[in-house]
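Chemist: Okay, here's the structure, questions in a sec.
2 protein chains.
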Amino acid sequence: MTDPADMDAFLSEPRDLYRGRALAVIKPSTAAEVARVLALCNTQGVGVVPQGGNTGLVGGQTPDASGRQIVLSLQKLDRIRDVDPASDAMTLEAGVTLARAQEAAEAADRYFPLSLASEGSCTIGGNLATNAGGVHVLAYGAARDLALGLEVALADGRLLSTLGKLRKDNTGYNLTQLFIGSEGTLGVITAATLKLFPRPRSRAVAFLGLDSPDDALALLNFVKERAGPGLQAFEIMSRLGLELVLRHIPGARDPLAAPAPWYALLEIAGFTEGEAERVADLALAEALEAELVADATLAHSLDQAAALWRLRESMSEAQKREGGSIKHDISVPIERIPAFITEAGRRIAARFPQARPVPFGHMGDGNLHYNVSQPAGADKAAFLARWDEMNALVHGLVDAFEGSISAEHGIGRLKRELLAETKNPVALEVMRALKKTLDPNGVLNPGKLL
Amino acid sequence: MTDPADMDAFLSEPRDLYRGRALAVIKPSTAAEVARVLALCNTQGVGVVPQGGNTGLVGGQTPDASGRQIVLSLQKLDRIRDVDPASDAMTLEAGVTLARAQEAAEAADRYFPLSLASEGSCTIGGNLATNAGGVHVLAYGAARDLALGLEVALADGRLLSTLGKLRKDNTGYNLTQLFIGSEGTLGVITAATLKLFPRPRSRAVAFLGLDSPDDALALLNFVKERAGPGLQAFEIMSRLGLELVLRHIPGARDPLAAPAPWYALLEIAGFTEGEAERVADLALAEALEAELVADATLAHSLDQAAALWRLRESMSEAQKREGGSIKHDISVPIERIPAFITEAGRRIAARFPQARPVPFGHMGDGNLHYNVSQPAGADKAAFLARWDEMNALVHGLVDAFEGSISAEHGIGRLKRELLAETKNPVALEVMRALKKTLDPNGVLNPGKLL
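Residue numbers (the working numbering), protein chains in the order written: chain A, 3 to 452; chain B, 3 to 452.
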């Protein structure tokens, strides 16, 4: 496609932070075609921007403003090549959406646990290129941990395959993991073999009122010890976060009788009838008795469970409707989450009086979406104009806490300069050397990540 | 050390397949010292052979015969730097033995699941350099899956650190996974941050008599569905394997009343009181009713459980005492294990009449130690003289089954030529390019892996 109107949807991204131009949008149908496009661009020195479902949050999938790059859409590589439940593996092409991947697993009576807000449109190739996280990392790991092998088109047009259903294979360097999370800068993923898991037969979802992040940490460890790998998700949000959801999201209801300063949402899976409920009942009763929990409710139907999850999943939308929100996707060692919340709140209060931190997210993984909403009733533009200053404050603290400035969203264009400033210098040198080895002409997603 | 008598223990390996010479054995005490040794060797062009507990099975840790390499022993890097149960992470130096790592976790009321026969002497650095597997890969993954970060001395003496307790960190290429399993050919691991897990509160170990590998596969899926991630191990062995153990291992007793053609040993963990036994009881009762299992016994004490595990863990020793045994460490897609056993047996019977295949191992991971014992009473040396011919037969079949010629033991010197013949050519090219980038002078474990 070269017509501007046809290309338009491929040249901007959901939050409209980035908008670019392109020579063309190319939509190959096979891995061999992808490889040929790369070979041609490599010899001609044309930058290639791979794109899946175009749901990325850091601008990794958007071309620059030069108009001299091409967008390589993987959407037509959408075949499910193989689903093998007895080997617990399926092989899918890069353009298969995450939702279709989940359905393919379910149709074979298996479970594919990767789950995130954009699952209806994001694609497996993009999930792997960015090492997507989501709500079940605690039990199953991120996208990285769910891949057994890849098919990758290299910059010069060679096609590398590590596809295969093997759970163990110690024949050399792990090339699979090198490409996962490299954001299309080392090669273009065209297919992947993914792990399948037994389907949970029971699920318990609980929403708990807590006095503090310290209690959330204690509760997390308490539940881990009792549920083991059955603990699928452990999310937290503050009272302010819940209030924003109750204010802005139609149908949202406070599940607890009295307000609490903090909340945890947890999900436990079981593999025999009633097991999840039994474990959840036991853990909650003991947690209440140990006074780790102020109040709690356990969903007694799938609808109730979905309603509890909706409170958590509506956080971004509710913040958006409340006005300006400055975002951070950070992680720290799990044990340091409470201290981080305290210290970040203190520093923000000093520098941004009336700004309202609304931290929430995957506490079980040490990952907070540490977002800060504008002062109530204040000017949105004036608040957002201080985005970089707020970022600098929060990311500086992340560094002091030995954390990461991008827990699950990646680097893309948004954090490229920040990465160069904060990453271990030797690690950066090694990354640059690897980039040069695999993409000597610099045609793969130029200007992203590095 | 330069004295031949002092160096001797570092120049050969457990099975005495390889024996080398060395300029010196160097035992640094810190990562900085390791880095300085590498920098010096790099400028002088001296090959460096890293060595941990010297328990590797493929000759990766042994210097060549030239006498111009040095052995770099990591044994003195044996500090436990940090154990943080609330973050479920611990940081250990490379020379800490696996058994000490397990104990450090246990002392903090956590579980470190990596477990293998040589755990008393093998080291964390070696475990990671070779991506060690063992008996709990099914539930927790291999060494690769247990690492959060590494400290690595690079060929030119730079020290790279990805150490840290973060469960999620999407800031660039995954350098950690690149070094794991690279067998000391890309850098020398000096420390690692490892994941900790909740300690199981109950364990059930069962030993089951089965009619066939097909029934073992059906049983594996049956138990997976009922135990989910609680299934910690699923091992198989043949009747002949059990008979060799009963014949050669003092104190070994057949746990079932009547012989069965095949056996499975399975372990289920639970995180509440009695949970493992409840799940195991239920699964076994249903499996007996579904006629997947001919007979079964469930351990009712830790001693009984240990006795069942000893049957499985004595397999190598029993084979050794029975005479010559030609070994293979292979994996295929789990679903194809039964067909592989049938076809391999057929081909061996045709070419090696009276040779006795004794396949056993980690069926849950698709990983068999497909060993073949000499014909009863025949000449051991004459049988072992056909090692390469047997390997070619078995590995050819592995290739036809889309399997791996090294599931968990690695490549080292033993399988270097085989790797060059069997690996995907593009993957080999990429591996060589990475090697050249990170070790341009070729001083890191020369002649191993590539």
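Glycine included, C-beta positions come from ideal geometry on N, C-alpha and C.
Using Cβ-Cβ distances below 9 Å, what residues of the region 406–417 of chain B are close to chain A?
Modeler: Flagged, chain order: Ser406, Ile407, Ser408, Ala409, Glu410, His411, Gly412, Ile413, Lys417.
Chemist: Which residues share a DSSP beta bridge with B:Leu42?
Modeler: Position 40 of the second sequence, counting from 1, holds the residue named residue 42 of chain B. None, per the DSSP bridge assignment.
Chemist: Quick check: is the beta carbon of B:Gln46 nearer than 8 Å to any beta carbon in chain A?
Modeler: As a position in the second sequence, residue 46 of chain B is number 44, starting the count at 1. No, no contact with chain A.
Chemist: If you count every other CB in all the chains shown that lies within 10 Å of the CB of B:His2, and 16 or more means buried, which is it?
Modeler: The question about residue 2 of chain B has no answer here: the residues shown for chain B are numbered 3 through 452.
Chemist: Using a beta-carbon distance cut-off of less than 7 Å, what residues from the region 427–440 of chain A approach chain B?
Modeler: Flagged, chain order: Val428, Ala429, Val432, Met433, Ala435, Leu436, Thr439.
Chemist: Determine, for A:Lys197, whether the minimum Cβ-Cβ distance to residues of chain B falls below 8 Å.
Modeler: For the purposes of this step, residue 197 of chain A is taken as residue 195 along the first sequence, with counting starting at 1. No, because no Cβ of chain B sits closer than 8 Å to the Cβ of A:Lys197.
Chemist: Can you tell me which of A:Pro200, A:Gly412, A:Val39, A:Ile328 puts its alpha carbon nearest to the alpha carbon of B:Val225?
Modeler: In the second sequence, residue 225 of chain B corresponds to position 223, counting from 1. The residue with the shortest Cα to Cα distance from B:Val225 is A:Pro200.
Chemist: Can you tell me whether DSSP reads B:Asn176 as helix, strand or coil?
Modeler: To locate residue 176 of chain B, count along the second sequence from 1; it is residue 174. Residue state, collapsed to three classes: coil.
Chemist: Please go through the region 259–295 of chain A and give each complete alpha helix (DSSP H) segment of 4 or more residues, from N-terminal end onward.
Modeler: Here the runs fully enclosed are 277–291.
Chemist: Need the endpoints of the beta strand (DSSP E) that A:Pro361 sits in, please.
Modeler: Here residue 361 of chain A is taken as the residue at index 359 of the first sequence, counted from 1. Run containing A:Pro361: 358–364, per the beta strand (DSSP E) assignment.
Chemist: Inspect the beta-carbon positions of A:Ala235 and A:Arg312 and report whether they are closer than 8 Å.
Modeler: Counting from one through the first sequence, the residue named residue 235 of chain A turns up at place 233. Counting from one through the first sequence, the residue named residue 312 of chain A turns up at place 310. No, Cβ-Cβ distance for A:Ala235 and A:Arg312 is not below 8 Å.
Chemist: Compute the Euclidean distance between the alpha carbons of B:Pro158 and B:Asn44, then round it to the nearest angstrom.
Modeler: The residue labelled residue 158 of chain B in the question sits at position 156 within the second sequence. The residue labelled residue 44 of chain B in the question sits at position 42 within the second sequence. The residue you asked about is not Pro; residue 158 of chain B is Asp in the sequence shown. Cα to Cα, the separation comes out at about 6 Å.
Chemist: Just to make sure I have the definition right: I need the residues of chain A whose C-beta is within less than 8 Å of the C-beta of B:Ser89. Which are they?
Modeler: Within the second sequence, the letter at position 87 stands for residue 89 of chain B. Neighbours of B:Ser89 on chain A, chain order: Pro335, Ile336, Glu337, Arg338, Gly368.
Chemist: With a threshold of 6 Å on Cβ separation, who are the neighbours of A:Ser120 within its own chain once the five nearest residues in sequence on each side are excluded?
Modeler: Taking the first residue of the first sequence as 1, we reach residue 120 of chain A at position 118. Cβ neighbours of A:Ser120 beyond the five flanking positions: Thr57.
Chemist: At the 8 Å Cβ level, is B:Ser214 part of the contact set with chain A, yes or no?
Modeler: Locating residue 214 of chain B in the second sequence gives position 212, where the first residue counts as 1. Judged by the 8 Å Cβ criterion, B:Ser214 is not in contact with chain A.
Chemist: Roughly how many angstroms separate the alpha carbons of B:Glu455 and B:Arg17, rounded to a whole number?
Modeler: Coverage of chain B is limited to positions 3 through 452, which leaves residue 455 of chain B absent and any answer about it impossible.
Chemist: Return the CA-CA distance between B:Gly326 and A:Gly122, expressed in angstroms with no decimal places.
Modeler: Position 324 of the second sequence, counted from the first residue, corresponds to residue 326 of chain B. Position 120 of the first sequence, counted from the first residue, corresponds to residue 122 of chain A. Distance between the alpha carbons of B:Gly326 and A:Gly122: 57 Å.
Chemist: Cβ atoms of A:Thr125 and A:Glu153: under 8 Å apart, would you say?
Modeler: As a working mapping, residue 153 of chain A is identified with position 151 in the first sequence. As a working mapping, residue 125 of chain A is identified with position 123 in the first sequence. No, the Cβ-Cβ distance between A:Glu153 and A:Thr125 is not below 8 Å.
Chemist: Verify whether the separation of the beta carbon atoms of B:Pro257 and B:Arg241 is less than 8 Å.
Modeler: What you label residue 257 of chain B is simply residue 255 of the second sequence in a count that begins at 1. What you label residue 241 of chain B is simply residue 239 of the second sequence in a count that begins at 1. Not a contact, by the Cβ cut-off of 8 Å.
Chemist: Using a Cβ-Cβ distance under 8 Å, would B:Pro231 count as near chain A?
Modeler: Working through the second sequence from its first residue, we reach residue 231 of chain B at position 229. Interface residue, yes.
Chemist: Do A:Asp86 and B:Glu35 have their C-beta atoms within less than 8 Å of each other?
Modeler: Taking the first sequence and counting its residues from 1, one reaches residue 86 of chain A at position 84. Taking the second sequence and counting its residues from 1, one reaches residue 35 of chain B at position 33. Their beta carbons are not under 8 Å apart, which means A:Asp86 does not touch B:Glu35 by this criterion.
Chemist: How many Å lie between A:Ile238 and A:Lys197 at the Cα?
Modeler: Counting from 1 along the first sequence, the entry for residue 238 of chain A is found at position 236. Counting from 1 along the first sequence, the entry for residue 197 of chain A is found at position 195. Roughly 28 Å separates the two Cα atoms.
Chemist: Please say whether B:Gly97 and B:Gly54 have beta carbons closer to each other than 8 Å?
Modeler: Within the second sequence, residue 54 of chain B is the residue found at index 52, counting from 1. Within the second sequence, residue 97 of chain B is the residue found at index 95, counting from 1. Yes, Cβ-Cβ distance for B:Gly54 and B:Gly97 is below 8 Å.
Chemist: Can the beta-carbon of A:Thr195 be found less than 8 Å from the beta-carbon of B:Ile413?
Modeler: Here residue 195 of chain A corresponds to residue number 193 of the first sequence, with the count starting at 1. Here residue 413 of chain B corresponds to residue number 411 of the second sequence, with the count starting at 1. Cβ atoms of A:Thr195 and B:Ile413: not closer than 8 Å.
Chemist: Three-state secondary structure (DSSP) at A:Asn447?
Modeler: On the first sequence, position 445 is the one that residue 447 of chain A refers to. In this structure, A:Asn447 counts as coil in the three-state DSSP scheme.
Chemist: Taking the alpha helix (DSSP H) that B:Thr93 falls in, what are its first and last residues?
Modeler: Locating residue 93 of chain B in the second sequence gives position 91, counting from the first residue. First-last for B:Thr93: 91–95, but that is the beta strand (DSSP E), not the alpha helix (DSSP H).
Chemist: Taking C-beta pairs closer than 7 Å, name the residues in chain A that B:Gln376 reaches, listed in chain order.
Modeler: Locating residue 376 of chain B in the second sequence gives position 374, where the first residue counts as 1. By Cβ distance, chain A contributes nothing, its closest Cβ being about 27 Å from B:Gln376, past 7 Å.
Chemist: Do you know offhand how far A:Asp441's Cα is from A:Phe362's?
Modeler: Here residue 441 of chain A corresponds to residue number 439 of the first sequence, with the count starting at 1. Here residue 362 of chain A corresponds to residue number 360 of the first sequence, with the count starting at 1. Using only the alpha carbons, I get a separation of about 38 Å.
Chemist: Using a Cβ-Cβ cut-off of 8 Å, state whether A:Ile182 counts as contacting chain B.
Modeler: Counting from 1 along the first sequence, the entry for residue 182 of chain A is found at position 180. Chain B, which has a Cβ nearer than 8 Å to the Cβ of A:Ile182, makes this yes.
Chemist: Give me the chain B residues within the contact set of A:Asp217, using Cβ-Cβ distance strictly less than 9 Å, ordered along the chain.
Modeler: As a position in the first sequence, residue 217 of chain A is number 215, starting the count at 1. Per Cβ cutoff of 9 Å: no residues; A:Asp217 is ~13 Å from chain B at best.
Chemist: Secondary structure at B:Val344, three-state DSSP: helix, strand or coil?
Modeler: Walking along the second sequence from the start, residue 344 of chain B turns up at place 342. In the sequence on display, residue 344 of chain B carries Thr and not Val. In the structure shown, B:Thr344 sits in a helix (DSSP, three-state: H, G or I).
Chemist: Less than 8 Å separating the beta-carbons of B:Met365 and B:Leu222?
Modeler: The residue given as residue 365 of chain B occupies position 363 in the second sequence. The residue given as residue 222 of chain B occupies position 220 in the second sequence. Their beta carbons are under 8 Å apart, which means B:Met365 touches B:Leu222 by this criterion.
Chemist: Does A:Val396 come within less than 8 Å of chain B when only Cβ atoms are used?
Modeler: The residue you call residue 396 of chain A lines up with position 394 of the first sequence. Answer no: the Cβ-Cβ gap between A:Val396 and chain B never drops below 8 Å.
Chemist: How about B:Leu244 and B:Ile339: are their beta carbons less than 8 Å apart?
Modeler: For the purposes of this step, residue 244 of chain B is taken as the residue at position 242 of the second sequence. For the purposes of this step, residue 339 of chain B is taken as the residue at position 337 of the second sequence. Not closer than 8 Å, so no.
Chemist: Using only alpha-carbon positions, find the residue among A:Ala107, A:Thr132, A:Val247, A:Trp389 that is nearest to A:Ser316.
Modeler: Numbered from its first residue, the first sequence carries residue 316 of chain A at position 314. Here the closest residue by C-alpha is A:Val247.
Chemist: Over what stretch of residues does the beta strand (DSSP E) that includes B:Val2 continue unbroken?
Modeler: Nothing in the structure corresponds to residue 2 of chain B, since chain B is present only between 3 and 452.
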